[in-house]
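Some notes on the structure that comes next.
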Amino acid sequence: VRKARYNDVPEIMNIINVTAENLTNKNMYFVNTKDFIEKHIEEKGFSLVAMSQEKIAGYIVVRFPKRDEDNLGKHVKEDIDLNKVVHMESTAVLPEFRNKGTQKLLLEEAEKKLAKTEYCYYMGTVDPENEYSAFRPFYL
1395 VRKARYNDVP
1405 EIMNIINVTA
1415 ENLTNKNMYF
1425 VNTKDFIEKH
1435 IEEKGFSLVA
1445 MSQEKIAGYI
1455 VVRFPKRDED
1465 NLGKHVKEDI
1475 DLNKVVHMES
1485 TAVLPEFRNK
1495 GTQKLLLEEA
1505 EKKLAKTEYC
1515 YYMGTVDPEN
1525 EYSAFRPFYL
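The working numbering runs 1394 ahead of the 1-based position in the sequence shown.
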C-alpha cells in the first residue's frame, strides 16, 4: 500500500468503473468523478492504493470535510469538533483481488496514517443493501 499519485487517477477511475459495471444494484455504489479523485490525492484529504506487482488492485479515498455542509460529524453529537472528523469516503477493489483482505488492508493503512494526525473521528457511509460492505467486521 502506498500513497496515491496524480498519475494513478486513470487506474483508480478504471477500478471505479469496473466496480459500478459489475453491480446488480447500481444504487449501492456512488461513482466518484475524476475531479473528486484528483482533489483527494492531497488537496482535500489523501488517497491510498494497494499494489499487486505494478498494478493497482484497489484504492481508498480519505476526506477531511472540515466545515463542509455534508460533514457526518454534524449527525453524531453537538459538541464534536468538526475539524477532527475524517470521512472514509470511498474504496473499491478490482474483482480479481477481492476476498484477499485488500480492502481491509487499505482501511487499516489509512487509519495508521490518521493516527499520527489531529483527526480522531473516522466516519463513513454504506448503502444498507450492500450487505458485503455493511456487515464486514472491519467497518465496525
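Using N, Cα and C, we set each Cβ at its ideal position, and we do this for glycine too. Predicted model, so just to flag it, every value in this text is computed and none were measured.
Q | residue 1474 versus residue 1431 - alpha carbon distance | A | 27 Å
**Q.** For residue 1474, the first and last residue of its enclosing alpha helix (DSSP H)
**A.** Going by DSSP, residue 1474 is part of no alpha helix (DSSP H) at all; its letter is neither H nor E.
Q) Near residue 1519, what residues of its chain come up, given a Cβ to Cβ distance below 8 Å and the 5 sequence neighbours on each side ignored? A) 1466
Q | C-beta atoms of residue 1414 and residue 1406 nearer than 8 Å | A | no
Q) From residue 1401 to residue 1450, what distance separates their C-alpha atoms? A) 12 Å
Q: Could you tell me whether the Cβ atoms of residue 1454 and residue 1504 are closer together than 8 Å?
A: yes
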